[in-house]
Every structure is written in C-alpha cells, then in structure tokens.
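Engineer:
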Amino acid sequence: MLIDYLNDRLDEAKRRRVVAHLASCGECRKEAALLIRLKNNQEMALKEVPQDIKLSAFDLVPKAQPQEKSLLAMLNLEPVYDSLKLVGVTMQFMKKMILIGGN
Amino acid sequence: MGLLSDSHDESILISKAAKGDNNAFELLMGTHLKVIYNYICLHVSGEEDVKDIVQETMLAVWSGMKSFSGKSAFRTWILGITRRKISDFYRRKYQFSTVSIYEEEASLTADDRFDDSVNAIDVKSAIASLSSEEQELVFLAFNAELTYQEISDIIQVPVGTVKSRMHNIKSKLRKHLEKE
Numbered sequence: 005m006l007i008d009y010l011n012d013r014l015d016e017a018k019r020r021r022v023v024a025h026l027a028s029c030g031e032c033r034k035e036a037a038l039l040i041r042l043k044n045n046q047e048m049a050l051k052e053v054p055q056d057i058k059l060s061a062f063d064l065v066p067k068a069q070p071q072e073k074s075l076l077a078m079l080n081l082e083p084v085y086d087s088l089k090l091v092g093v094t095m096q097f098m099k100k101m102i103l104i105g106g107n
Numbered sequence: 023m024g025l026l027s028d029s030h031d032e033s034i035l036i037s038k039a040a041k042g043d044n045n046a047f048e049l050l051m052g053t054h055l056k057v058i059y060n061y062i063c064l065h066v067s068g069e070e071d072v073k074d075i076v077q078e079t080m081l082a083v084w085s086g087m088k089s090f091s092g093k094s095a096f097r098t099w100i101l102g103i104t105r106r107k108i109s110d111f112y113r114r115k116y117q118f119s120t121v122s123i124y125e126e127e128a129s130l131t132a133d134d135r136f137d138d139s140v141n142a143i144d145v146k147s148a149i150a151s152l153s154s155e156e157q158e159l160v161f162l163a164f165n166a167e168l169t170y171q172e173i174s175d176i177i178q179v180p181v182g183t184v185k186s187r188m189h190n191i192k193s194k195l196r197k198h199l200e201k202e
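Going line by line, the protein sequences match chains A and B.
When we follow this note's numbering, the leftmost residue of the first sequence carries the number 5, and every step to the right adds one.
When we follow this note's numbering, the leftmost residue of the second sequence carries the number 23, and every step to the right adds one.
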C-alpha cells in the first residue's frame, strides 16, 4: 500500500489511514524513505523519447478519410437551402389550414 | 502528481479515439509514449527495433480501442499490449528458439553487466544489479505507477508472487544502500 500511496493511487480514506500509520510507525517511515529514494531515481532515469521516434510513432495507424462534402456545403449554401425548406414547409401548413377553414 | 493523466480528460480522449478520432488518439497516446518507450528499452536494445515496436504497439492499441472495456486502467491495458509486441519481436527474431525474453536479454547484455567492485554503490547502481525481471517490476511499480494487481495482469503471475518479488527487491536494495 505504501507504493500505491507514493504513486497517488489510493482513495482519500486509504490515504488518510496510511498518513496516520506513518505518523506512529518508525519502521514504515524508513520503508517509505527507501521507496521515495527509489521512485525519485526511477523518475530521473526515464529517457526522453527521441525526436524521430516521436514523429514516426503513429505512422502505421490508418488515418480517417476526410468526408466528402456536398456541393451545397462546399458553396456554403446550406443555410440558404435550410431557410427555403422552412418557407416551403410553412406554406404547406398554411395551405392545409386554409383548406380546413374552408370546410 | 503521478504520471497518470487526469482521468476525466483521459476518458474523453479514449471515447473519441474509440470512435476513430486520430487527433484524440495521438493526444491520448502522447501522454503514455515516454513510459511505453522506456518499457520497450528495458527489453530491446537496437534503436530501429525499438522504433518498430513503438509503431506496432500504437497500431495494436488503435485497432483494439473499440474493445477496451475500461475494466482495467488504460495504462495497464496498453502496457499489456506493449509487452506482447516485445514478445512478438523476440519470437520473430529467434523463430526456432524457445528462449524467453529474459534469457535472451541476459545474453545480449552480458558485457554491460554491473561490476560492484568498480562502480559506486548508490540507488542507480543498486537497481542496475537487479535481474531483468526485477528491473521490470521496479519500472512497472515506480514508472508506470501500477498496483500489484495491475502488474500481475501484465506479467501474468499471481499477485502474491508480485508482492514477494517486490519484498525481495526491497531487501536487496536496502542491503546495497546500507553499504554506502
């Protein structure tokens, strides 16, 4: 559990128990000191990823194909088309209302 | 702050990557690339071979994104894949051999083996004197920040064995450091 505590992998309740225990246990404090030294060494020993590996890491991953745009989308006329559709729907509705009113 | 990404941001990227979002995938894997690279370097020495295994790992993770269930931590899952890619590499390289990763490493690095009588005893030297299996365990616990259960899932040994190996490692390190 000490390693999980140092790696920040414990929930709040367990963290508090570890802290409380360390306050009263010399052996565990010595163990924690060893583990901290080990963890610090490990973090310093991590090598940086070379630039060529960073740049080529995803070369084998297939790239998503760009979606084909409609002519309307390409000409940026979609908002105009949507407005005209709305006018058409409104007129249909008004026609029905007139017919119902006539009856 | 641990090496693991903020879990909320990470789960958003995982969800997007699983739907085929390349940018989200590269952002997501970018946060784990250093650990993956160093894990591969623990087992493989040639720069070109390491590069190939990094690429194959990325492809395998991408291919498996939709099936990542979230039962294990994401880092545990990707390091499990990385380990399998390292095994595949050795299997291809030594096609007719049944030698394990560790036996092969021992023969490849024999000339670089740490010599106590020449080098100063410190934490770095103490770790260098550990076996390859022990160094891997130290890496997974302190660099990948995995729990014993997660380590057990990756290296496929019971969690009790992981605990006792770690106990032995700490005893060895303590003995080395007490000589300082």
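Where a beta carbon is used, it is the ideal one built from N, C-alpha and C, also for glycine.
1. Nearest CA to the CA of valine 76(B): which residue from Lys93(B), Ser91(B), Met51(B)?
2. What residue range does the alpha helix (DSSP H) around cysteine 29(A) cover?
3. Within a Cβ cutoff of 8 angstroms, which residues of the same chain sit near tyrosine 59(B), ignoring the five residues on either side of it in sequence?
4. Quick check: glycine 42(B) and alanine 68(A), are their CB atoms within less than 8 angstroms of each other?
5. At a Cβ threshold of 8 angstroms, is valine 53(A) touching chain B?
6. How about valine 65(A) and tryptophan 84(B): do their beta carbons lie closer than 8 angstroms?
7. I'd like to know if threonine 53(B) contacts chain A, where contact means its C-beta is closer than 8 angstroms to some C-beta of that chain.
8. Any beta carbon of chain A sitting closer than 8 angstroms to that of glutamate 158(B)?
9. What span of residues does the alpha helix (DSSP H) with lysine 185(B) cover, start to end?
10. Who are the near neighbours of glutamate 156(B) in its chain, counting only those whose CB is closer than 6 angstroms to its CB and skipping five residues on each side?
11. Hey, does alanine 17(A) have any beta-carbon neighbour from chain B nearer than 8 angstroms?
12. Using a beta-carbon distance below 8 angstroms, is arginine 135(B) in contact with chain A?
13. Measuring alpha carbon to alpha carbon, tell me which residue in Ile36(B), Ser193(B), Arg114(B), Glu158(B) is nearest glycine 102(B).
14. Write down the C-beta distance between serine 94(B) and glutamate 172(B) rounded to the nearest angstrom, noting that I regard them as a contact closer than 8 angstroms.
15. Got a sec? Which residues, its chain only, sit under 7 angstroms from threonine 79(B) by beta carbon, not counting five neighbours each side?
Structural biologist: This is what the structure gives:
1. Against the second sequence, residue 76(B) aligns to sequence position 54. Answer by Cα proximity: Met51(B).
2. Translated into positions along the first sequence, residue 29(A) becomes position 25. It is not in any alpha helix (DSSP H) - cysteine 29(A) carries neither H nor E in the DSSP assignment.
3. Your numbering for residue 59(B) matches position 37 in the second sequence. Cβ neighbours of tyrosine 59(B) beyond the five flanking positions: Val72, Val76.
4. For the purposes of this step, residue 42(B) is taken as the residue at position 20 of the second sequence. For the purposes of this step, residue 68(A) is taken as the residue at position 64 of the first sequence. One thing to note: glycine 42(B) has its Cβ within 8 angstroms of the Cβ of alanine 68(A).
5. Sequence index remark: in the first sequence, residue 53(A) carries index 49 (1-based). It does; some Cβ of chain B falls within 8 angstroms.
6. Along the first sequence, one-based indexing puts residue 65(A) at 61. Along the second sequence, one-based indexing puts residue 84(B) at 62. It is a contact, given that the beta carbons lie within the stated cut-off.
7. Locating residue 53(B) in the second sequence gives position 31, counting from the first residue. It does not; no Cβ of chain A falls within 8 angstroms.
8. Taking the second sequence and counting its residues from 1, the one referred to as residue 158(B) is at position 136. For glutamate 158(B), the answer is no, since every Cβ of chain A falls outside 8 angstroms of its Cβ.
9. As a first step, residue 185(B) is located in the second sequence; it is residue number 163 there, counting from the start. That run of the alpha helix (DSSP H) goes 181-200.
10. For the purposes of this step, residue 156(B) is taken as residue 134 along the second sequence, with counting starting at 1. If we look at glutamate 156(B) and ignore the five residues flanking it on each side, its Cβ neighbours are Ile191.
11. To locate residue 17(A), count along the first sequence from 1; it is residue 13. Output row for alanine 17(A): interface = no.
12. The residue you call residue 135(B) lines up with position 113 of the second sequence. For arginine 135(B), the predicted model reports a pLDDT of 36, less than 50, meaning its position is unreliable and no value from the coordinates is stated.
13. Residue mapping note: residue 102(B) aligns to position 80 of the second sequence, counting from 1. Out of Ile36(B), Ser193(B), Arg114(B), Glu158(B), Glu158(B) has the C-alpha closest to the C-alpha of glycine 102(B).
14. Position 72 of the second sequence, counting from 1, holds the residue named residue 94(B). Position 150 of the second sequence, counting from 1, holds the residue named residue 172(B). About 7 angstroms; that satisfies the 8 angstroms criterion.
15. For the purposes of this step, residue 79(B) is taken as residue 57 along the second sequence, with counting starting at 1. Hits under 7 angstroms: Ile58, Ile103, Thr104, Lys107.
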